[in-house]
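Those sequence lines, one after another, are chains V, X and G. Residue numbering for the first sequence follows our numbering, starting at 10 and increasing by one per position. Residue numbering for the second sequence follows our numbering, starting at 555 and increasing by one per position. Residue numbering for the third sequence follows our numbering, starting at 541 and increasing by one per position. Just so it is clear, CB atoms sit at the ideal spot from N, CA and C, and this is done for glycine as well.
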Amino acid sequence: MAEGKRDIVDILKAIDRRIIFLLIALAVILPLVFHLVFSVHSSPIVEAIFDKIESLPPGSKVILSFDYGPSTVPENQPMAEAVARHVLHKDLKLYMMAVWATGPPQTEVLIANVIETDFPEKVYGEDWINLGYKAGNQGLINAILLDLKGMYTTDIHGTSIDEFEMMKDVDNLTDMSLILCIGSGFPGMREWVQFAGDPGDIPVAGGVTAVEAPLLYPYYPRQLLGLMGGLQGAAEYEAALVTKYPQYKASSEQAIQLMGPQTVAHLVIIAFVVVGNIAFFAERRRDRRRKA
Amino acid sequence: MAHTIELWIAALLTFMIFSFLYKDNPFYKFAEHLFVGVSAAYWMVIGIWSTLMPNLVARLWPSSVSGFINMPEDAQPEYHFIIPAIFGILMLTRLIDRISWLSRWAMAFVIGFAAGTNFTRYLQSDFVGQIYNSMLPIIVKADGGIAVGAAISSIVLMVGVICALIYFFFSKEHTGAFGAASRLGIWFLMVTFGAAFGYTVMARISLLTGRVQFLGEWLTSIF
Amino acid sequence: MRVQIPLIITFVVGIALIVAIFVPHDPFHRMNEDFSVYFDLIAVFAFILGGGNLLKIHGNRISRRGRDWKYSVVTVVGFLAMLVVGAFKIGGPPGLTGDVTADGSWFKFMYDSIFVSCQATMFSLLAFFVASASYRAFRAKTKEATLLLVAAFIILIGRTPLGHYLTGWLPQPLQFLHIPNLSNWILSIPNMAGQRAIMIGIALGIISTSLKLILGIERSYLGGESK
């Protein structure tokens with residue numbers, strides 16, 4: 010090829026990034042439009058959470074902390090709803106709180122999608138309670154490890170905490186059988202392990218965004234008994250739940266539905282990396298030939 | 555009706571932000587600046603109503619909040635809460651240049667608390683805890699015999715932790731056996747970063763999928 | 541006074557909290573409880589400081605007609621609108637007595653229509669940039685980079701249902717090559733090893749920095765007058 014003429018390598022190098030943006034957008038849009046759905050199989054690290062909740066006797070106290078915001082709802086909300094469904098199905102006591110200020114609105118979404126839909130017979134204050142958000146990040150976790158009612162004097166609606174049946178025998182976090190954190194950064198899972206799980210010897214599990222998941226593997230399995238990582242983790246928990254309890258199939262497959270676009274987009278990303286490297290090495294070989 | 559207006563405003567702002575993908579433009583800047591203002595106020599309001607009012611004002615002066623916070627009728631003021639009130643006000647002096655040095659007293663409390671708690675928590679969970687977690691049995695028995703796979707995995711994990719730690723030890727030159735271990739540590743770290751990249755891609759795609767799903771709901775509401 | 545008193549406060553609070561771990565009885569237990577609550581309350585004042593600072597910076601820009609001052613008007617208007625509807629719980633059925641995010645409140649309306657959409661969309665932009673970076677920047681120039689990419693590919697395929705379909709047919713003795721099993725192993729062993737080493741290194745750094753802060757050796761948080 011004569012110098013100065015554009016070849017395939019030059020074309021590949023000069024692709025406008027907006028073309029790449031368009032391709033990735035199509036990779037997500039088309040599977041959603043055509044309802045591309047795959048079956049999902051759970052992994053041991055997710056099954057550990059499922060098995061733990063399965064093993065808890067009815068009446069055990071489980072705290073569910075909403076430590077995420079609207080930016081990570083596609084990953085975190087399905088996790089929260091799947092575990093909440095499981096906890097309530099097993100007749101465990103669900104204590105909901107938040108260490109992020111954007112957590113309470115997500116709690117409201119869960120109440121509408123899970124409790125009011127699948128468990129309308131559950132009684133507020135006896136089977137589940139919404140404690141809401143308190144500021145302080147890791148300071149809040151440190152405070153409620155010692156004295157939960159010292160910080161949570163009321164529930165989210167302003168009702169005195171002592172008026173609730175399920176709060177009567179709760180002094181601090183060590184009264185909990187399991188801490189479930191659904192997180193997406195700081196403060197989140199790491200702080201729950203450091204400030205509650207380890208000092209209080211309380212089992213900690215939950216789900217985080219895919220960005221954070223690999224960072225938490227060092228805590229598994231001794232300090233963190235299980236972990237849902239990203240959308241795949243949420244889908245795996247949903248798959249485990251729906252396999253054991255098929256009655257929740259219609260309402261508990263949000264993450265499984267989204268794995269179709271996820272899979273296609275991953276393939277497109279791999280294709281980008283491969284094509285980019287082919288262009289790079291082809292250009293290097295071409296330049297060496299020209300010099301020779 | 556309110557839900558429809560909310561949906562349309564949300565969709566409009568979504569498109570305004572997505573327009574950045576074409577190029578930076580006034581619509582994106584408008585949405586970005588609006589978000590900054592709204593989010594700052596959100597955190598402030600939520601902090602005040604969820605924590606400041608019930609946990610500080612109601613404790614120092616119960617009668618002042620009786621109209622909107624449920625307090626026991628015989629609630630007595632807890633005067634030691636004047637300490638965080640004073641520190642909080644000192645923190646706000648940062649806004650006034652002449653007396654902003656007073657905010658350091660509040661910062662000192664915050665720093666002291668964070669340093670004091672982090673010292674023990676990181677020592678327990680992230681240092682001693684991780685060393686303990688790395689001490690795995692090499693001979694793992696399963697089904698009446700030895701689980702060779704688990705044994706190999708334990709050895710690989712222990713070797714990986716040690717070699718990666720050696721890589722980060724810059725006080726000694728990386729030569730000889732030490733250098734070889736350091737190079738092996740780099741390989742383990744490359745796998746770590748590869749896993750992190752894979753998961754990062756997964757996370758970002760999930761967020762886009764969620765947003766596209768919302769736009770689908772908005773389109774469905776039109777038709 | 542400007543330096544000594546903050547150093548004394550940091551020292552007393554830090555030491556009290558460390559001692560409380562080893563002596564979990566009064567007065568240290570009580571100090572641990574109380575200091576945790578005080579910290580949480582001071583955090584709220586930090587939010588108020590953030591809001592005040594935002595008004596100060598953008599207010600100055602508007603008054604001086606600085607660069608992009610018109611967008612600062614948008615910021616200030618958005619901030620004040622959200623603050624007023626939230627502080628006075630305008631529009632919510634329970635009024636001042638109810639939850640600030642009650643259904644029907646203007647605060648919730650602004651949160652759902654503005655905050656949620658803007659934050660979610662800004663984060664979703666990252667998907668496009670990660671795709672662009674994958675095409676332009678990730679090059680297998682060295683053996684280490686190749687290993688990084690191979691690990692990334694296994695994770696990308698293994699963490700989707702595609703991994704099961706691609707290698708689900710492998711016989712039992714070769715199940716360790718089944719892509720989901722391979723990706724789980726990569727995460728649980730080499731990834732865990734690398735992350736653990738990084739975690740230990742960071743922990744040592746935080747422990748030493750915490751000690752330096754408590755003992756007053758590290759004074760950067762005091763600003764220019766720390767000397």
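How about G:Ile762: is its C-beta nearer than 8 Å to some C-beta of chain V?
With the sequence shown as reference, residue 762 of chain G is identified as Leu, and Ile is not the correct amino acid for it. It does not; no Cβ of chain V falls within 8 Å.
Give the residues of chain G in contact with V:Met160, contact being defined as C-beta atoms less than 7 Å apart.
Val577, Asp580
Say whether chain G places a C-beta atom closer than 8 Å to the C-beta of V:Leu224.
yes
Could you confirm whether any beta carbon from chain V is found closer than 8 Å to the beta carbon of X:Met756?
yes
Neighbouring residues, chain G, relative to X:Lys583 (Cβ below 8 Å)
Asp608, Tyr611
Buried or exposed: which applies to G:Pro567, given that a residue is buried once 16 or more other Cβ atoms fall within 10 Å of its Cβ?
exposed
Give me the Cβ distance between V:Pro40 and V:Val273, rounded to the nearest whole Å; I'm assuming they're in contact under 8 Å.
5 Å
Give the DSSP-derived three-state secondary structure of V:Tyr104 in the structure shown.
strand
What in chain V is Cβ-close to G:Val656, meaning under 7 Å?
Ordered by position in chain V, the residues that pass the 7 Å Cβ test against G:Val656 are Pro79.
Using 10 angstroms around the beta-carbon of V:Asp296, count the other beta-carbons present and answer buried if the total reaches 16, otherwise exposed.
exposed
I'd like to know if V:Ala144 contacts chain G, where contact means its C-beta is closer than 8 Å to some C-beta of that chain.
True, the Cβ-Cβ gap to chain G drops below 8 Å.
When you compare only the Cα positions, how much space is there between V:Ala11 and V:His275?
Because V:Ala11 sits at a pLDDT of 48, beneath the cut-off of 50, its placement in the model cannot be relied upon, and the following sentence gives the value as read from the coordinates. If you take the alpha carbons of V:Ala11 and V:His275, they lie about 37 Å apart.
Could you tell me which whole alpha helix (DSSP H) segments of length 4 or greater appear in the segment 132-175 of chain V?
147-155, 157-160
Is G:Gly638 close to chain V? Criterion is C-beta to C-beta, closer than 8 Å.
yes
At least one CB of chain V closer than 8 Å to the CB of G:Phe693: is that the case?
It does: the Cβ of G:Phe693 has a partner Cβ on chain V nearer than 8 Å.
Between the CA atoms of X:Leu567 and X:Leu610 - distance to the nearest angstrom:
37 Å
Do V:Trp137 and V:Leu187 count as a contact pair if the criterion is CB distance below 8 Å?
no
Enumerate, from N- to C-terminal direction, the unbroken beta strand (DSSP E) stretches of 3 or more residues contained entirely within the segment 58-108 of chain V.
70-76, 102-107
Does DSSP classify V:Gly192 as helix, strand or coil?
DSSP, reduced to helix, strand and coil, places V:Gly192 within a strand of the structure shown.
Assuming V:Phe75 and V:Met105 form a contact by the criterion Cβ under 8 Å, report the distance between their Cβ atoms to the nearest whole angstrom.
So it is a contact: roughly 7 Å between Cβ atoms.
Using a C-beta cutoff of 8 Å, does V:Pro83 count as contacting chain X?
yes
Compute the beta-carbon to beta-carbon distance between V:Ile211 and V:Thr183, rounded to the nearest angstrom, for a pair I have assumed lies under 8 Å.
6 Å
Under 8 Å between C-beta atoms, does G:Ser750 make it to chain X?
yes
Should V:Asp156 be flagged as near chain G, meaning a C-beta pair shorter than 8 Å?
yes
Taking 8 Å as the CB-CB limit, is G:Thr550 close to chain X?
yes
Have a look at V:Tyr257 and V:Glu247 and give me their C-alpha separation to the nearest angstrom.
9 Å
Check the C-beta distance from X:Arg765 over to G:Ala660 and give it rounded, since I have them as a contact under 8 Å.
6 Å
I'd like the list of long-range same chain contacts for X:Ser654, defined as Cβ closer than 7 Å, with 5 residues on each side in sequence excluded.
Correct list, in chain order: Thr647, Arg648.
Would you check if the distance between the CB atom of G:Glu573 and the CB atom of V:Leu155 is smaller than 8 Å?
Yes, these two residues count as a Cβ contact at 8 Å.
Please identify, using Cβ separations under 7 Å, the residues of the segment 236-266 of chain V that lie next to chain G, in order along the chain.
Gln241
Near-chain V residues of the segment 756-774 of chain X (beta-carbon distance less than 7 Å), N- to C-terminal order
Met756, Ala757, Ile759, Ser760, Leu761, Leu762, Thr763, Gly764, Val766, Gln767, Gly770
If contact means a Cβ-Cβ distance below 8 Å, which residues of the segment 47-81 of chain V contact chain X?
Ser80, Thr81
Start-end ranges of the beta strand (DSSP E) lying completely within the segment 233-298 of chain V, minimum 3 residues:
List check, beta strand (DSSP E) in window: 235-238.
With respect to the beta strand (DSSP E) encompassing V:Gly216, which residues constitute its N-terminal and C-terminal limits?
213-217
Skipping 5 residues on each side, what residues in its chain have a beta carbon closer than 6 Å to that of V:Ile165?
Asn139, Gly141
For a quick check, are the C-beta atoms of V:Phe30 and X:Leu761 less than 8 Å apart?
no
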